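Residue numbers (the working numbering), protein chains in the order written: chain A, 9 to 346; chain B, 599 to 997. Ideal Cβ placement from N, Cα and C applies to all residues, glycine included. Remember, predicted model here, so these are calculated numbers, not experimental data. Report on the following structure.
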Amino acid sequence: MTARDTDWDGVRLHVVTGKGGTGKTTVAAALALALAHSGRKVLLIEAEGRQGIARLFDRPPLPYGERKIAIGPGEAEDGRGQGGDVYALAIDPEGALLDYLQMFYNMRGIGSALNKLGMVDFATTIAPGLTDVLVTGKATEATRRKQPPGAPGGFAYDAVVLDAPPTGRIGRFLNISAEVSGLAKVGPIRTHADSVANVIKSPQTAVHFVCTLEEMPVQETLDGIAEMRAIGGMQVGGIMINMARPAVLTPEELKAPPDLAAMAEVLGEAGLHSTDVLAASLAEELAEHTRTVELADLARAELDAAGQPMYELPLIAEGIDLAALHRLAAVLRDQGAA
Amino acid sequence: MTVLGNPRLDADRIIDDRRTRIIVCCGSGGVGKTTTAAALGLRAAERGRQVCVLTVDPARRLAQSMGLSTLDNTPRLIEGVDGAADGSLHAMMLDMKRTFDEIVESHADPARAAQILANPFYQSLSSSFAGTQEYMAMEKLGQLRRSNEWDLIIVDTPPSRSALDFLDAPERLGRFLDGRLIRLLTSPVKASRPFTRVLNAGFSVMTGALTKLLGAQVLRDAQTFITAFDSMFGGFRERADATYRLLQAPGTSFIVIAVPEPDALREASYFVERLAEERMPLAGLILNRVHSAGGCRLSAARSVAVAEALESTSTIGGPNDPVAEASSAHDPAHSAYAVTAAALRLHASRMNLGEREKRVAGAFTSAHPAIPVLEVPAQPEDIHDLAGLRRVGESFAGE
């Protein structure tokens, strides 16, 4: 184990949310990889059955079961440290319900009978709060799970990363007690919900927000953070700025209007033709870039005002594959997120 | 403008065609559905249609720019629309709970309605059921269409986790309401219902299991809710079926919205196939946020090569190079090299992005070569006023 400090040392359950289109699943996967170092074991959970994780890691659709899907990076400092393991689990409400029945009542058989009767439809249709409890319940169970007797001891997973529903639904998804208390004031569901809530509203859980530097995602992130803070005991994690485009020049250079004649001359020297037209259209693209950089800076300042640690992940133009995930994981590690 | 080989989606022809009465905008989250719906609505209104845009969860600033600050379930007239062509634009935000409450009130006598509205299961179902929003959006669409006050209704589907949810939601609700579980749950309180002994035993095992799972109080609430709701099931089914038929009718056009990203286009593909299965009329695909090459056609490879040459000139310099003496970055000659090189690199990444987008979009278009596609260029800024929506609308214009 390395003694390197990270920003979330006490956190064992990382909940990752974000507006649709911001790359929430990608960042969750990169965070899981980043956490899986020095022999640590990390579980990456997909809460909404879209099989996005399987696609990211280029695997066939994941069954309801914890499977090893990747190996984390070794420690670069001494070149000898071992990597860790990333396991993945795609939760579907049906599997979570059967699990719940098995875990608490040892009645998987009756579970499948209930399933045939439309029990899952019942849970997902009439009381979505119950489905959320089952999904978050599975995540908290994995977080608290101990190693089997005879093993070295400690927890089965060093960290769990939950690819959670989008920002618009995250409050309802995590505020389980409130959701369930309307339905069940007492009884087993209530007891279960309370114990799940105890883990979620504890310092071992943090809710990270994935955001891009655009107006709507920024607004949703700020709203989401405010919503989390309004729920007592919930720990807001980091803001992970995704798909950030690096500025090509310094702010001063960008601010100065480009000298078209000089640009045309330079382009001519380099052997290009129709240099006036070329210089003009390049300058236009540069001006657009300058505007984008300004807007991104405004967005960054707005996010910064929320007072949470921020991490910045670069746009990977070629698309996301395993190599890209490792790159993003390294960026998260370098910035202290894991 | 489309470089993809598919026919071009002529959005103007669709909104100008008086026979088009409903346009449904669908697609996965974060692809610009609401903006597209609003831009289509504004353009149609300024071309003479009486338009109502039904939106489910608009970005706050967009809503404000259209004059919608409250979620009040009533179509509001949008000011600032050019009425020269005698068109008008209304917009409303869906309040799903209120829409649901209204259905209950219209289908049940006051005493029973009050009983349903107060039940915790109803409250959970009406405010948070993942499909309720979809179902209520379709219900509201049906209501607006029947009122005949507008000759074009544009609906922006809810931000579902899957673009398909809104098609399935009415059916899922119906399946649930008709389900065996409902019968099971309602049977114990319908004491008069005759059962064979065997059946009864089976049921009591089940209810026993349910009690264990949910707790007696939850089960009781569920039973009273379902019993109270029972009388309305038929009405629900009929309404869902009527709306479904409305979506298949000739006056309806579906427009699938996507961005040139693999996930969004995968959803778009599913959607296109699903609409075909359901015999729903698909008008085409709007591909938002396309990074076009702009005026400059210099290839990415060439741009990078020239940028590299310029950078080596400006940093190392040669004995004959006037830049060699200019060590300061503030020197104009140096700065022209640096700026030109940076602009070329920027251009290269833009060309690469454009290429990648074309490749990603190509996966969709080669699978669906006959589907009309309209590309909308990426806007540098978010849209939060009518002028911005008008600008987007201009990209819908025919060639």
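- The alpha-carbon separation between Tyr842 of chain B and Met736 of chain B amounts to approximately 8 Å.
- Taken in chain order, the complete beta strand (DSSP E) segments of 3 or more residues contained in the region 870-901 of chain B are 880-888.
- Counting only the Cα atoms, Asn250 of chain A lies some 6 Å from Pro322 of chain A.
- In this structure, Lys32 of chain A lies near Val24 of chain A, with their beta-carbon atoms less than 8 Å apart.
- In the three-state reduction of the DSSP assignment, Arg606 of chain B falls in the strand class.
- Counting only runs of 3 or more residues that sit fully inside the region 181-235 of chain A, the beta strand (DSSP E) segments are 213-219, in chain order.
- Secondary structure of Gly26 of chain A (DSSP, three-state): strand.
- Interface criterion not met: the Cβ of Ala98 of chain A is under 8 Å from no Cβ in chain B.
- For the region 163-187 of chain A, residues whose beta-carbon sits nearer than 8 Å to a beta-carbon of chain B comprise Pro173, Pro174, Gly176, Arg180, Glu187.
- Counting along the chain, the unbroken beta strand (DSSP E) around Tyr95 of chain A starts and ends at 93-98.
- Annotated as distal: Ala37 of chain A and Leu311 of chain A, with beta-carbon spacing of 8 Å or more.
- The shortest CA-to-CA distance from Leu607 of chain B to any of B:Gly625, B:Arg948, B:Ala939, B:Ile853 is the one to B:Ile853.
- Our two residues, Gln662 of chain B and Val971 of chain B, have alpha carbons roughly 30 Å apart in a direct line.
- DSSP lists B:Cys650, B:Leu675 as the beta-bridge partner residues of His688 of chain B.
- Beta-bridge partners assigned by DSSP to Ala252 of chain A: A:Pro322.
- For Asp754 of chain B, DSSP records a beta bridge to B:Cys623.
- Interface annotation, Tyr935 of chain B: in contact with chain A, CB-CB separation under 8 Å.
- Boundaries for Ser46 of chain A: no beta strand (DSSP E) harbours it, and the DSSP string shows neither H nor E there.
- For Leu640 of chain B and His966 of chain B, the gap between their C-alpha atoms comes out near 29 Å.
- Contact between Gly681 of chain B and Val649 of chain B is ruled out by a C-beta separation of about 12 Å, above the 8 Å threshold.
- Taking a Cβ-Cβ cut-off of 7 Å, the neighbours of Thr300 of chain A in chain B comprise Pro978, given in sequence order.
- Distance between Leu138 of chain A and Gln815 of chain B, taken at the CA atoms: about 15 Å.
- In the structure shown, Ser722 of chain B adopts helical secondary structure according to DSSP, grouped into three states.
- Think of a sphere of 8 Å around the beta carbon of His945 of chain B: the chain A residues whose beta carbon falls inside it are Leu290, Glu293, in chain order.
- Pro225 of chain A is classed as buried because its beta carbon has at least 16 other beta carbons within 10 Å across all chains shown.
- At a beta-carbon threshold of 7 Å, the residues of chain A lying near Arg658 of chain B are Gln227, ordered along the chain.
- The beta carbon of Lys631 of chain B sits closer than 6 Å to those of Cys623, Gly625, Asp754, Ile855, all from its chain and outside the five residues before and after it, given in chain order.
- For Val169 of chain A, the enclosing beta strand (DSSP E) begins and ends at 167-171.
- Excluding its 5 nearest sequence neighbours in each direction, Phe698 of chain B has C-beta neighbours in its own chain below 7 Å: Ser724, Thr730, Met734, listed in chain order.
- About 7 Å separates the CB atoms of Leu652 of chain B and Leu742 of chain B; that is less than 8 Å, so the two are in contact.
- Ser901 of chain B places its beta carbon less than 8 Å from that of Met949 of chain B.
- Every unbroken stretch of the beta strand (DSSP E) spanning 3 or more residues and falling wholly within the region 244-301 of chain A is given here in chain order: 244-252.
- Per DSSP, reduced to three states, the secondary structure at Pro860 of chain B is helical.
- In this structure, Glu187 of chain A lies near Arg180 of chain A, with their beta-carbon atoms less than 8 Å apart.
- By the criterion of a C-beta distance shorter than 7 Å, Gly665 of chain B is surrounded in its chain by Arg674, Ile676, Glu677, once the five residues flanking it on both sides are discounted.
- Within the same chain, and ignoring the five residues on either side of Gln343 of chain A in sequence, the residues whose Cβ sits closer than 8 Å to its Cβ are Tyr319, Glu320.
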